[in-house]
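**Student:** Quick note: the first sequence uses the numbering used here, first residue 67, plus one each step.
Think of the CB as a built atom: it goes at the ideal place given N, C-alpha and C, for glycine as much as any other residue.
Pasting a structure here, questions to come.
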Amino acid sequence: MKPKAALEFVESSAWARVLNAEQLDRVLGEVGQRSVRRGTSVCHAGSPVLYWKGVIDGLIKMSVTSPDGRTCTLTGLAPGAWFGEGPVLRAATWDFDGMAIHDTRLALVPRATFHWLLEVSPRFNRFVIDQLNERLAQFLAVIEAERLEPAETRVARCLAWLFNSVLYPGVGARLALTQEEIGYLSGVSRQRVNRALHMLEQAGVLAVEYGAIQVLDLPALKRFRAVR
DNA sequence: TCATTAAATTGTT
DNA sequence: AACAATTTAATGA
């Protein structure tokens, strides 16, 4: 696979801009690329972590499966995302499943390269800390909504997450996503998603399109609260 | 380009 | 979960 798109993607990533020329050269020399069709697995719980992965375009769903076969979706990974630093850092295997829910292109940074960057670049370390911290804040917001808020608010939090420009710099104002998919990502029935989206549209926060949504006011989406 | 049809998605119960 | 309405994509005249 010719990694041309991956090279450009790495160069445009926030963490690449904090590296010196020598460090960037090594990364560009070792980065790989992979295209996956919608519906295919991109990483599997229990299998070895070989790469730190970036989403060039498309969409990935992160989920876990219980021993009796039930699955729970944790989050979506939108364009611009880099993921897997957790498993890369602490273990030799993935602790979640990743599935492409759209045709997706991935950039692959070998595990060894990632660890080398951590050793030689304080600013890269800082990037990783910032990213982990941003995720933590997002997870807290989602857990809070899960326990305290009605479904409409949970949908809003889930969408605010997907449009997070720190975690997913590649996402513009518009994201191709059906209401069914939003349901899977936010743990809400499609009917409830439909209601929530219209509520959010009424509030002027986003525009509902056929098979897509467009965010008009991201700050408002983040702080949106439906009345119970 | 237009009309027809199938498939996907949405809105509602 | 089921159904009807709507939108899109594909096909061929």
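Output the boundary residues of the beta strand (DSSP E) element that contains Arg171.
**Tutor:** Thr170 to Pro176
**Student:** For Ala226 versus Ala278, is the C-beta distance shorter than 8 angstroms?
**Tutor:** No, they are not a contact pair.
**Student:** Secondary structure at Tyr14, three-state DSSP: helix, strand or coil?
**Tutor:** There is no way to answer for residue 14, as the model of the chain reaches only from 67 to 294.
**Student:** Would you kindly work out how many angstroms separate the C-alpha atoms of Gln257 and Phe290, rounded to a whole number?
**Tutor:** 19 angstroms
**Student:** Shortest alpha-carbon distance to Gly105 belongs to which of Ser187, Gly164 and His181?
**Tutor:** Gly164
**Student:** Using 8 angstroms for Cβ pairs, my map puts Ala222 next to Leu287. What's the rounded Cβ distance?
**Tutor:** 6 angstroms
**Student:** So, Val237 versus Ala144, is the Cβ gap smaller than 8 angstroms?
**Tutor:** yes
**Student:** Less than 8 angstroms between the C-beta atoms of Gly120 and Ala173, yes or no?
**Tutor:** The answer is yes: Cβ separation under 8 angstroms.
**Student:** Could you tell me the boundaries of the beta strand (DSSP E) in which Ala144 lies?
**Tutor:** According to the DSSP assignment, Ala144 belongs to no beta strand (DSSP E), since it is labelled neither H nor E.
**Student:** Under the rule that 16 or more other beta-carbon atoms within 10 Å means buried, what is Ala147, buried or exposed?
**Tutor:** buried
**Student:** Could you tell me which whole alpha helix (DSSP H) segments of length 4 or greater appear in the stretch 155-223?
**Tutor:** As far as the stretch 155-223 is concerned, its whole alpha helix (DSSP H) runs of at least 4 residues are 177-186 and 188-214.
**Student:** Taking 7 angstroms as the limit between beta carbons, can you name the residues of its chain near Ala113, skipping five residues before and five after?
**Tutor:** Correcting the residue identity first, residue 113 is Ser in this sequence and not Ala. Contacts found: Thr159 and Trp160.
**Student:** With H, G and I counted as helix, E and B as strand and the rest as coil, what does DSSP make of Asp123?
**Tutor:** Three-state result, Asp123: strand.
**Student:** In the DSSP assignment, what are the bridge partners of Trp148?
**Tutor:** Gly120
**Student:** Per the DSSP calculation, Glu275 is bridged to which residue(s)?
**Tutor:** Ala278
**Student:** On the premise that Asp169 lies in contact with Gly98, defined as a C-beta separation below 8 angstroms, what is that separation, rounded to the nearest angstrom?
**Tutor:** With 8 angstroms as the limit, Gly98 and Asp169 do not qualify as a contact, their Cβ atoms being about 18 angstroms apart.
**Student:** Give a yes or no on whether the C-beta atoms belonging to Ser132 and Phe162 are separated by under 8 angstroms.
**Tutor:** The criterion of a C-beta distance shorter than 8 angstroms is not satisfied by Ser132 and Phe162.
**Student:** Inspect the beta-carbon positions of Gly177 and Leu116 and report whether they are closer than 8 angstroms.
**Tutor:** Going by the sequence as given, residue 177 is Arg instead of Gly. Taking 8 angstroms as the Cβ cut-off, Arg177 and Leu116 qualify as a contacting pair.
**Student:** Please classify Glu74 as buried or exposed, where buried requires at least 16 neighbouring CB atoms within 10 angstroms.
**Tutor:** exposed
**Student:** Take the Cβ of Arg171 as the centre, count every other Cβ of all protein chains shown within 10 Å, and call the residue buried at 16 or more, exposed below.
**Tutor:** buried
**Student:** If distances are taken between C-alpha atoms only, which option among Ile209, Gly152 and Arg100 comes closest to Leu191?
**Tutor:** It should be pointed out that residue 191 corresponds to Asn in this sequence rather than to Leu. In terms of Cα proximity to Asn191, the closest of Ile209, Gly152 and Arg100 is Gly152.
**Student:** Return yes when the Cβ of Thr137 is within less than 8 angstroms of the Cβ of Leu251, no when it is not.
**Tutor:** no
**Student:** Among residues of its own chain, excluding the 5 on either side of Val194, which ones have a beta-carbon nearer than 6 angstroms to its beta-carbon?
**Tutor:** Glu151
**Student:** Taking a contact to mean a Cβ-Cβ separation below 8 angstroms, would you say Val274 touches Leu263 in this structure?
**Tutor:** With respect to Leu263, Val274 sits close: the two C-beta atoms are nearer than 8 angstroms.
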